[in-house]
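The numbering of the sequence shown is this note's numbering, which starts it at 100 and goes up by one.
Heads up, the beta-carbon is just placed ideally off N, CA and C, and yes, glycines get one too.
Just below is one structure, and these are the notes that go with it.
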Amino acid sequence: MNHRHLPAWLKPASDSVVADNLKLGKWPWIDAVHLLWTVWVFITPMFGAGFTLRWVLITLWSYPLFILLYVMTLVASRRNAPIFALAMIVLSMALLRSYPSGMNYFVFGCVMLRTNRCIGVPRYLLELLLLNAGFVSLAWWIGYPWQVVAWIPALTVIIGLIVNVERASSEKDAALRLSHEEVRRLAATAERERIGRDLHDLLGHTLSLITLKMELSRKLFERDPARSQRELAEAEQIARDALAQVRSAVTGFRAADMAAELASAHLLLESSRVHLRHSPPPPMPGWIECGLAMVLREAVTNIARHAQASEAMIALRVEAGAVVLEVADDGRGGVSANGNGLAGMRERVAALGGTLRIDSPRGAGTRLTVTVPLGDGDAAMTAAVPDDPGLPAMEARA
100 MNHRHLPAWL KPASDSVVAD NLKLGKWPWI DAVHLLWTVW VFITPMFGAG FTLRWVLITL
160 WSYPLFILLY VMTLVASRRN APIFALAMIV LSMALLRSYP SGMNYFVFGC VMLRTNRCIG
220 VPRYLLELLL LNAGFVSLAW WIGYPWQVVA WIPALTVIIG LIVNVERASS EKDAALRLSH
280 EEVRRLAATA ERERIGRDLH DLLGHTLSLI TLKMELSRKL FERDPARSQR ELAEAEQIAR
340 DALAQVRSAV TGFRAADMAA ELASAHLLLE SSRVHLRHSP PPPMPGWIEC GLAMVLREAV
400 TNIARHAQAS EAMIALRVEA GAVVLEVADD GRGGVSANGN GLAGMRERVA ALGGTLRIDS
460 PRGAGTRLTV TVPLGDGDAA MTAAVPDDPG LPAMEARA
């Protein structure tokens, strides 16, 4: 539904349920599925006086009004949404004497009362108890059978708790996803600041010195050519030294990419109740590290979403002229060769000129091994790093 064509009073508030669904990438009106429960409005007469003309007339005006109130609870702000839920409850009580189907409006009102409100479960239960006490007293005074009087409070409490616990869980998941993105954003910002500081420290003094050397050489060019040549030679050597330092610093900057990805993986898995062990990343060429960091991100996301694991391991090492990345978990296994984003990982690894192997017996976890060969120049710049002594236990079990 295009919200731009809605009347002004039906446009979702920025903190409404519909707006929250849009922020999470869901269909904005997904909560409308709960209206399927209103089938009881049309079933209730079967247990009483039947489908009389009075029932039809009351349904024709009360049901559209109820639907409107339900929609308003979804598009209203946090402050105003409870008003429309209470209006459902008032509608139900006003119709209770002559329209038993209106009891369903009461259940919906109680369930929607906590929609989009930042209140605790104890306070919500207290509100339910007070509302149900009023409903039961009115129904008992009107003369409803005790069976009806008994099951309405039980139904409102059970459904209300179920729906609102699900909503609270969804809100926590959304907050967790936002925290992951915030951690990545802060890590990137901190890295940019570190790069700026390091480059300033590396090049600020060096460039100033080269400038002085060049100015002195220019002034001495006619009076003392020999010294002018020495100054130029010294400036050239300083520039070469600075270039070597910049290359070394850039290698350090690139190494931080994998370290940041490991930190992000630790946050994601620990928040999903998966204990992670990993070894520190060894020195490796930047082009390999960037590619492996993306493969690692996809692999960790798969563990968090699909593996149902309790423990995971990440190992990075350089051996036999190649960089090896291993990601293992003790989850349910049974991963297909191209399932859960593995096709995309294979493409990334193939672009690096490497190979990807998957060992995923059903019920025995999954082990993903990526091997990327080093070039002759790359191999000379890297050194093998011993495996983390805590990793063999996972290897024996996986």
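Residue range 180-194 is occupied by the alpha helix (DSSP H) that includes residue 182. Taking a C-beta distance under 7 Å as the contact criterion, residue 468 and residue 432 do not qualify as a contact pair. The beta carbon of residue 137 sits closer than 7 Å to the beta carbons of 203 from its chain, once the five residues preceding and following it are set aside; these are given in chain order. Bounds of any alpha helix (DSSP H) do not take in residue 321, whose DSSP letter is neither H nor E.
For residue 163, the three-state secondary structure derived from DSSP is helix. Residue 133 has its alpha-carbon roughly 15 Å from the corresponding atom of residue 187. The alpha-carbon separation between residue 344 and residue 306 amounts to approximately 13 Å. Per DSSP, the unbroken beta strand (DSSP E) holding residue 467 starts and ends at 465-472. Straight-line spacing of the CA atoms in residue 405 and residue 434 works out to 9 Å.
Contact annotation: residue 312 and residue 333 have beta-carbon atoms nearer than 7 Å.
Measuring C-alpha to C-alpha distances from residue 426 to each of 207, 128, 368, 255 identifies 368 as the nearest.
Residue 199 sits close to residue 143, with the two beta carbons spaced by under 7 Å. DSSP, read as helix, strand or coil, puts residue 429 in coil. Around the beta carbon of residue 245, a 10 Å sphere encloses fewer than 16 other beta carbons of the protein chains shown; the residue is thus reported as exposed. Here residue 146 is exposed: its Cβ has fewer than 16 other Cβ atoms, across all protein chains shown, within 10 Å. Going by C-alpha positions, residue 220 is about 9 Å away from residue 213.
Note that the C-beta distance between residue 421 and residue 473 is below 7 Å. Two segments are said to touch when three or more pairs of C-beta atoms, one from each, lie closer than 8 Å; by this definition the segment 376-385 does not touch the segment 443-456. For a cut-off of 8 Å, the C-beta gap from residue 255 to residue 206 is around 5 Å, short enough to register as a contact. Residue environment for residue 227: buried (at least 16 other C-beta atoms within 10 angstroms of its C-beta). Here residue 311 carries a helix assignment [DSSP, helix/strand/coil].
Residue 330 and residue 471 have their C-alpha atoms roughly 46 Å apart.
The Cβ atoms of residue 192 and residue 237 sit closer than 7 Å to each other. The beta-carbon distance between residue 234 and residue 258, rounded to whole angstroms, is 15 Å. This is too long to meet the 8 Å contact definition. For the pair residue 110 and residue 174, the Cα-to-Cα distance works out to about 7 Å. Residue 211 is a Cβ neighbour of residue 184, given a cutoff of 7 Å. Rounded to whole angstroms, the separation of the alpha carbons of residue 442 and residue 222 is 49 Å. Secondary structure at residue 456: strand, using DSSP grouped into helix, strand and coil. If you draw a straight line from the Cα of residue 380 to the Cα of residue 398, it comes to about 16 Å. Comparing C-alpha distances from residue 155 to each of 201, 115, 129 shows the shortest one belongs to 201. Bounds of the alpha helix (DSSP H) holding residue 222 are 220-241. Assigned with DSSP and collapsed to three states, residue 148 falls in coil, not helix or strand. Following the DSSP letters along the chain, one finds residue 450 in no beta strand (DSSP E) but inside the alpha helix (DSSP H) bounded by residues 441-450. For residue 175, the secondary structure class from DSSP, reduced to helix, strand or coil, is coil.
Residue 359 and residue 129 have their C-alpha atoms spaced approximately 36 Å apart.
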